[in-house]
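Written out below as structure tokens is the structure these notes cover.
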Amino acid sequence: MTPADLRSAGYRDAGAEESVRAGRSWWDENAADYHQEHFADLAGRLVWGPELLDEAEAGLLGPLAGKDVLEVGAGTADSSAWLQAQGARAVATDLSLGMLRRAAGTPPPPRLVCDARVLPFADAGFDIVFTAYGALPFVADPERVHAEVARVLRPGGRWVFSVTHPVRWAFPDDGGEGGLTVSRPYFDRTPYVETDESGAVSYSEHHRTIGDRVRELAAAGFRLVDLVEPEWPEGVSRVWGSWSPLRGRLIPGTAIFVSDRMP
0 MTPADLRSAG
10 YRDAGAEESV
20 RAGRSWWDEN
30 AADYHQEHFA
40 DLAGRLVWGP
50 ELLDEAEAGL
60 LGPLAGKDVL
70 EVGAGTADSS
80 AWLQAQGARA
90 VATDLSLGML
100 RRAAGTPPPP
110 RLVCDARVLP
120 FADAGFDIVF
130 TAYGALPFVA
140 DPERVHAEVA
150 RVLRPGGRWV
160 FSVTHPVRWA
170 FPDDGGEGGL
180 TVSRPYFDRT
190 PYVETDESGA
200 VSYSEHHRTI
210 GDRVRELAAA
220 GFRLVDLVEP
230 EWPEGVSRVW
240 GSWSPLRGRL
250 IPGTAIFVSD
260 RMP
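Counting from 0, one number per residue, gives the positions in the sequence shown under numbering that gives the first Met the number 0.
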């Protein structure tokens, strides 16, 4: 969205369906720019966030060869392409056709446009479901995503997702000194919303506390195995939005929830 199209930005309510509509149109419109900006960091690998924690080293998904794996909020499907190269049978889904059209891999993994809250797959069809910053930050009703993931996972299957670390919501969205001072209550769950000239929601991002995320998993029948908070890596000097070496060395930027579906 160009500044001319943006009418306002701030914190206000945004319903489930308007958040989905906004998410689809925003990512379609910004797919090319996002791909160009982040291609060097994402291509040929699965990284869990701006700290560049690599699944090849972290192993959060567990063994991959021969596994049926679903990626929700896949974006350009770089992660699914990497999984495919590891011997997994990977399927990439995203709300945005514009993002999936830029899918990587030779050949690219199977791709499907769908809402993560309504997955068009049979029950118990996957061993692993994951998303790296996809889907969950942008939906107003994340419990529906967890419920769908539980439905399509086999008993004992793994569900891993990364999101902006909830504590970041208490700080301004600023990678510099201005982003080091608490400015909002951590417990205020009002979403961040941008609206266009007509007043319609054009972008929304939703906050949940760590406790909220744990309770969501438990309610959907998952057992939390690990909560990973990657530290900022030595030698990485580039800034990715509000993620920066300055902030990354002081406060966590990403939270990765590793869970298994209860038998």
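The beta carbon of each residue, even a glycine, is placed where N, CA and C say it ideally should be. In this text the structure is predicted, and so the values were computed from the model without any measurement.
- Query: Residue range of the beta strand (DSSP E) that Phe-38 falls in?
  - Reply: No beta strand (DSSP E) holds Phe-38; the alpha helix (DSSP H) holding it covers 15-41.
- Query: In this structure, what does DSSP give as the bridge partners for Leu-226?
  - Reply: Phe-256
- Message: Give the list of continuous alpha helix (DSSP H) stretches no shorter than 4 residues that lie fully inside the segment 85-109.
- Response: 96-99
- Message: Check whether the segment 125-135 and the segment 68-87 are in contact - that is, three or more C-beta pairs closer than 8 Å.
- Response: yes
- Option in Val-192, Arg-260 and Asp-27 with minimal Cα separation from Gly-14: Val-192
- Message: Is any non-hydrogen atom of the ligand MG found closer than 7 Å to the C-beta of Arg-143, if you look at the structure I gave you?
- Response: Because no ligand of any kind appears in the structure shown, any question about the ligand MG cannot be addressed here.
- Could you give the C-beta distance for His-205 and Pro-184, rounded to a whole number, given that I count them as a contact under 8 Å? Contact doesn't hold; Cβ gap of about 15 Å is too wide.
- Would you list, in sequence order, the uninterrupted beta strand (DSSP E) runs of no fewer than 3 residues that lie entirely inside the segment 47-86? If we require 3 residues or more, the beta strand (DSSP E) runs fully inside the segment 47-86 come out as 67-70.
- Query: Given 8 Å as the limit, is there contact between the segment 194-203 and the segment 19-26, that is, 3 or more CB pairs closer than that?
  - Reply: yes
- Report back the beta-carbon spacing between Val-238 and Leu-223 to the nearest angstrom; my notes put them in contact at under 8 Å. Actually they are not in contact, since the Cβ atoms of Val-238 and Leu-223 sit about 31 Å apart, beyond 8 Å.
- Contained alpha helix (DSSP H) runs [length at least 4] in the segment 115-184, N- to C-terminal order: 141-151
- Message: Quick check: the Cα distance between Ala-89 and Asp-67, rounded to an integer number of angstroms?
- Response: 6 Å
- Tell me, please, whether the segment 228-245 touches the segment 44-59 by the rule of three or more beta-carbon pairs shorter than 8 Å. yes
- Have a look at Gly-177, Gly-220, Ala-76 and Phe-186 and flag the residue whose alpha-carbon is nearest the alpha-carbon of Leu-245. Gly-177
- Message: If I follow the unbroken beta strand (DSSP E) through Val-238, where does it start and stop?
- Response: Careful: Val-238 lies outside any beta strand (DSSP E) and carries neither H nor E.
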